[in-house]
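To keep things clear, I will list the structure first and then write my remarks on it.
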Amino acid sequence: MKKIEAIIKPFKLDDVKEALHELGLQGITVLEAKGFGRQKGHTELYRGAEYVVDFLPKVKIELVVEDNLVERAVEAIQQAARTGRIGDGKIFISTIEDAIRVRTGERGVEAI
Amino acid sequence: MKKIEAIIKPFKLDDVKEALHELGLQGITVLEAKGFGRQKGHTELYRGAEYVVDFLPKVKIELVVEDNLVERAVEAIQQAARTGRIGDGKIFISTIEDAIRVRTGERGVEAI
Amino acid sequence: MKKIEAIIKPFKLDDVKEALHELGLQGITVLEAKGFGRQKGHTELYRGAEYVVDFLPKVKIELVVEDNLVERAVEAIQQAARTGRIGDGKIFISTIEDAIRVRTGERGVEAI
Ligand SMILES: Nc1ncnc2c1ncn2[C@@H]1O[C@H](COP(=O)(O)OP(=O)(O)OP(=O)(O)O)[C@@H](O)[C@H]1O
Ligand SMILES: Nc1ncnc2c1ncn2[C@@H]1O[C@H](COP(=O)(O)OP(=O)(O)OP(=O)(O)O)[C@@H](O)[C@H]1O
Ligand SMILES: Nc1ncnc2c1ncn2[C@@H]1O[C@H](COP(=O)(O)OP(=O)(O)OP(=O)(O)O)[C@@H](O)[C@H]1O
Ligand SMILES: [Mg+2]
Ligand SMILES: [Mg+2]
Ligand SMILES: [Mg+2]
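Chains as they are written, first to last, in my numbering: chain F, 11 to 122; chain D, 11 to 122; chain C, 11 to 122.
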């Protein structure tokens with residue numbers, strides 16, 4: 011199992027969620043975050059206004075998926091989150107060793 | 011060292027915290043999250059009302075523990091977080107390679 | 011690539027950010043968190059008042075860096091976050107297997 015963490019623009023959350031649903035991926039955790047990237051000193055558009063970027067509101071999505079779904083999930087997130095402008099976000103992939111579904115006690119891939 | 015991440019129902023946080031304390035686990039980080047699971051379209055109870063589940067408020071707990079405490083911690087979380095209804099949550103386990111305690115500079119297992 | 015997660019005192023965020031910038035590390039994600047550590051029952055200073063510590067406001071910083079920058083980043087965070095009093099925080103290190111820059115599609119170390 012892999013964990014996919016994606017830091018994206020908040021207004022892209024619905025599109026990303028839809029794109030993941032279309033792959034059958036429904037278990038997702040979303041956290042509010044503040045981020046800054048490499049564009050320090052540059053400006054970024056947020057709600058129609060330009061900001062000299064220090065911290066900007068971002069949304070962090072976390073989802074744990076089977077190994078063989080990682081590439082499709084990453085592609086879906088990238089396509090849905092992309093605007094072509096700076097600040098579109100980052101995706102990070104790491105290994106999850108075990109998962110437990112609290113209600114049923116299932117473990118491993120069955121649990122995600 | 012392992013990181014245990016648990017996404018649970020917010021009203022279960024105190025019970026989970028107590029259960030972990032009883033194991034001597036006091037270092038815990040808690041984040042507010044929004045989540046959705048496999049019950050898309052189903053309903054889930056939140057503060058006495060039924061919701062057609064899209065995003066629901068969840069709490070994310072993170073704790074780093076020694077390898078030999080993982081199973082006991084997972085069991086404690088699962089038992090304390092479980093209501094038997096959908097949406098009870100997920101637990102994920104991954105590897106942490108090093109830890110640093112900022113005040114003392116200790117590293118590794120001593121630091122957690 | 012490694013992920014560095016640091017849970018620090020909120021008022022130390024600017025210092026930590028500056029210390030990381032001086033190393034050329036600009037990509038950082040920040041999350042609000044509540045934390046408790048080993049000082050259960052002890053008191054901790056927050057905004058000039060003493061609290062019997064249950065949960066305290068903390069800030070969680072996440073940054074993904076090349077392997078050869080980890081030690082310098084950890085040292086920078088530790089020095090900037092340290093006050094010498096309890097509750098100064100923790101730093102955790104783990105492996106990231108891949109990274110994607112959403113705007114450009116770059117992957118791996120190029121993407122971070
Ligand atoms: N190395 C990193 N570690 C952790 N979080 C990061 C890292 N790089 C970026 N982020 C997070 O992702 C958000 C979006 O990054 P961003 O898309 O601006 O990356 P970038 O490399 O500057 O690309 P671009 O040139 O397209 O802006 C940042 O605001 C930050 O929250
Ligand atoms: N694969 C996953 N990756 C990341 N987060 C997940 C995943 N699955 C679930 N979650 C998070 O855990 C929360 C609780 O999940 P939930 O307990 O509803 O899982 P479930 O598989 O639908 O089980 P149940 O049938 O008992 O509802 C979700 O709201 C979401 O935040
Ligand atoms: N093992 C752990 N797993 C996850 N988070 C932790 C862990 N230990 C501490 N934390 C987080 O780090 C924050 C700061 O921890 P803290 O600095 O109080 O650690 P400590 O071991 O009690 O050291 P000190 O004696 O200096 O207070 C906690 O409030 C919690 O959010
Ligand atoms: Mg940027
Ligand atoms: Mg569910
Ligand atoms: Mg402490």
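Built from N, CA and C at the ideal position, the CB exists for glycine as well.
- A straight line joining the alpha-carbon of D:D24 with that of D:E72 spans about 14 Å.
- At a cut-off of 7 Å between beta-carbon atoms, D:L35 makes no contact with chain C.
- Contact between D:V112 and C:Q88 is confirmed by a C-beta separation of about 5 Å, below the 8 Å threshold.
- If only complete runs of 3 or more residues are kept, the region 85 to 113 of chain D shows the beta strand (DSSP E) at 99 to 105 and 108 to 111, in order along the chain.
- When Cβ-Cβ separations below 7 Å define contact, F:F102 makes contact with chain C.
- A straight-line Cα-Cα distance of about 31 Å links F:L66 and D:K12.
- D:R82 has a beta carbon lying at 7 Å or more from every beta carbon in chain F.
- Residue state for D:F65 is assigned as coil, using DSSP reduced to three classes.
- Of C:D64, C:E42 and C:A121, the smallest CA-CA separation from F:I101 is found for C:A121.
- For D:E42, there is no enclosing alpha helix (DSSP H); the enclosing beta strand (DSSP E) has its first and last residue at I38 to F46.
- Counted as a single uninterrupted DSSP element, the alpha helix (DSSP H) harbouring F:E28 occupies residues L23 to E32.
- Interface residue (Cβ-Cβ distance to chain D less than 7 Å): C:F21 is not classified as such.
- When distances are taken from the beta-carbon of F:D98 to the heavy atoms of ligand 1, the shortest one is below 6 Å.
- At the C-beta level, D:I18 and D:V80 stay beyond 7 Å of one another.
- Taking the Cβ of F:K68 as the reference point, at least one heavy atom of ligand 1 falls within a distance shorter than 6 Å.
- Using a Cβ distance threshold of 7 Å, C:G99 and C:A91 count as a contacting pair.
- At least one heavy atom of ligand 2 lies less than 6 Å from the C-beta of F:V74.
- Listed in chain order, the non-local C-beta contacts of C:L41 below 6 Å within the same chain comprise K70, local neighbours out to five positions each way being set aside.
- Under the 7 Å criterion on CB atoms, D:A29 is classed as non-interfacial with respect to chain C.
- Here C:I106 has M11, K12, K13 and V74 as same chain residues with Cβ atoms under 8 Å from its own Cβ, once five neighbours each way along the sequence are excluded.
- By the 16-neighbour rule on beta-carbons within 10 angstroms, F:A83 is buried.
- In this structure, the beta-carbon distance from D:F21 to F:I38 does not fall below 7 Å.
- Each of D:A86, D:E15 and D:A16 was checked against the Cα of D:G34, and the nearest Cα belongs to D:A86.
- Counting the other Cβ atoms within 10 Å of the Cβ of D:E116 gives fewer than 16, which makes it exposed.
- Taking the Cβ atoms as the reference, F:D108 lies roughly 4 Å from D:I103, within the contact range of under 8 Å.
- Straight-line measurement puts the Cα of D:D77 at about 12 Å from the Cα of D:G118.
- Neighbours of F:A109 across chain D, judged by C-beta separation under 8 Å: K100, I101, F102 and I103.
- Under the 7 Å criterion on CB atoms, F:I17 is classed as interfacial with respect to chain C.
- For C:G58, none of the residues of chain D pass the 7 Å Cβ criterion, the least Cβ distance being about 20 Å.
- Using a CB distance cut-off of 7 Å, C:T39 counts as an interface residue toward chain F.
- C-alpha of C:H31 to C-alpha of C:G58: approximately 29 Å in a straight line.
- For C:T39, the shortest C-beta to heavy atom distance toward ligand 3 is 6 Å or greater.
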